[in-house]
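To start, the structure itself, in structure tokens.
In the UniProt record's numbering, the protein residues as written are 1 to 312.
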């Protein structure tokens, strides 16, 4: 769906591209089918529903937490946030010593942000921060390293045979560190705290693995730095975003935005060359408008008016 989401490049983009209220309706059949299939798997493997959590200890399928996570995510993208939250709370409550607990906590934060429950989202993110800090401290001791080498089977056996023994916290999954920082940035952006948003997005970049994520984060950082009046950093981020796998229109927008901020004969020559490229035919109005902005910044009002006329 990400490839088909329409973006508003005139405003700061959302940190995560998700279907809007109108767009999501076309995805209902696929999402509902996925939910139905996962629920069938749960039933076939005697997995506990969140209405019968007492059956959890009798469960022999090691992937129950992943199935409930999948259901929660499906409802999240369906924009059924209340139902999604129930799934993530279920994971958070009944898998407290599994890595999935942290994943559930993360998605609780994401869902609460969508619902406008910013205080609850902050509580979840604070818990994740604390878990990451504790993991960093404990990883330095030999004792914790020994415990981390236990196999999953041994851990499952220990859970089943020793209910009164205090269990060690699960290892924090590295794969969600990027998402944690991006979600912290999302919460800061909801509060229009642009300084904090930039801080968390810069940290997210350090954890990003996917080219699409690196490209989108750099583009949004460009927008934020431009909003803050830091043209130099904005240009750097816009230029950097184009090195990664991002939609053509985002790459095109990044080029135009950087061009306006940089200006100069070289940039204007590059833009005029783009006007002659057939693949940019539908974007000619934007290119002319960008040229007009550059001319205005340079005090060339007559040239600017000519470009504005062509952009109309």
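Virtual Cβ for every residue (Gly too), placed ideally from N, Cα, C. If you're wondering where the values come from, they're calculated on a predicted model, not measured in any experiment.
Test item: CB-CB of residue i and residue j under 8 Å
i, j, result
"residue 77", "residue 187", "no"
"residue 38", "residue 19", "no"
"residue 392", "residue 88", "For residue 392 there is no data in the structure shown, the boundaries of the chain being 1 and 312."
"residue 103", "residue 42", "no"
"residue 237", "residue 218", "yes"
"residue 234", "residue 215", "no"
"residue 287", "residue 274", "yes"
"residue 83", "residue 75", "yes"
"residue 289", "residue 311", "yes"
"residue 126", "residue 100", "no"
"residue 15", "residue 7", "no"
"residue 226", "residue 257", "yes"
"residue 85", "residue 111", "yes"
"residue 63", "residue 115", "no"
"residue 246", "residue 199", "no"
"residue 71", "residue 35", "yes"
"residue 96", "residue 109", "no"
"residue 248", "residue 224", "no"
Local Cβ density within 10 Å of residue i, reported as buried at 16 or more and exposed below that
i, result
"residue 184", "buried"
"residue 315", "In the structure as shown, the chain starts at 1 and stops at 312, and residue 315 therefore has no counterpart that could be examined."
"residue 250", "buried"
"residue 179", "buried"
"residue 142", "Any reading at residue 142 must be qualified, since the residue scores a pLDDT of 46, below 50, and its modelled position is unreliable; the value itself is stated next. Exposed: under 16 other Cβ atoms inside 10 Å."
"residue 98", "buried"
"residue 277", "exposed"
"residue 229", "exposed"
"residue 272", "exposed"
"residue 253", "buried"
"residue 26", "exposed"
"residue 270", "exposed"
"residue 281", "exposed"
"residue 10", "exposed"
"residue 181", "buried"
"residue 240", "buried"
"residue 30", "exposed"
"residue 73", "buried"
"residue 302", "exposed"
"residue 197", "buried"
"residue 69", "buried"
Given 8 Å as the limit, is there contact between the stretch 123-136 and the stretch 203-218, that is, 3 or more CB pairs closer than that? Taking 8 Å as the limit for Cβ pairs, the verdict is that the stretch 203-218 does not touch the stretch 123-136.
With a cut-off of 8 Å, do at least 3 Cβ pairs link the stretch 263-273 to the stretch 293-300? Yes, since at least three Cβ pairs between the stretch 263-273 and the stretch 293-300 fall closer than 8 Å, the two stretches touch.
Start-end ranges of the alpha helix (DSSP H) lying completely within the stretch 245-309, minimum 4 residues: Fully enclosed alpha helix (DSSP H) runs of 4 or longer: 248-262, 265-275 and 284-297.
Which parts of the stretch 3-38 are runs of the beta strand (DSSP E), unbroken and 3 residues or longer, counting only runs that do not cross its ends? List check, beta strand (DSSP E) in window: nothing returned.
Curious, which full-length alpha helix (DSSP H) runs of at least 4 residues does the stretch 89-123 contain? If only uninterrupted alpha helix (DSSP H) runs of at least 4 residues are considered, those enclosed by the stretch 89-123 are 100-115.
Please give me, in chain order, every unbroken run of the alpha helix (DSSP H) with length at least 4 that falls completely inside the stretch 156-220. Taken in chain order, the complete alpha helix (DSSP H) segments of 4 residues or longer contained in the stretch 156-220 are 177-190 and 194-207.
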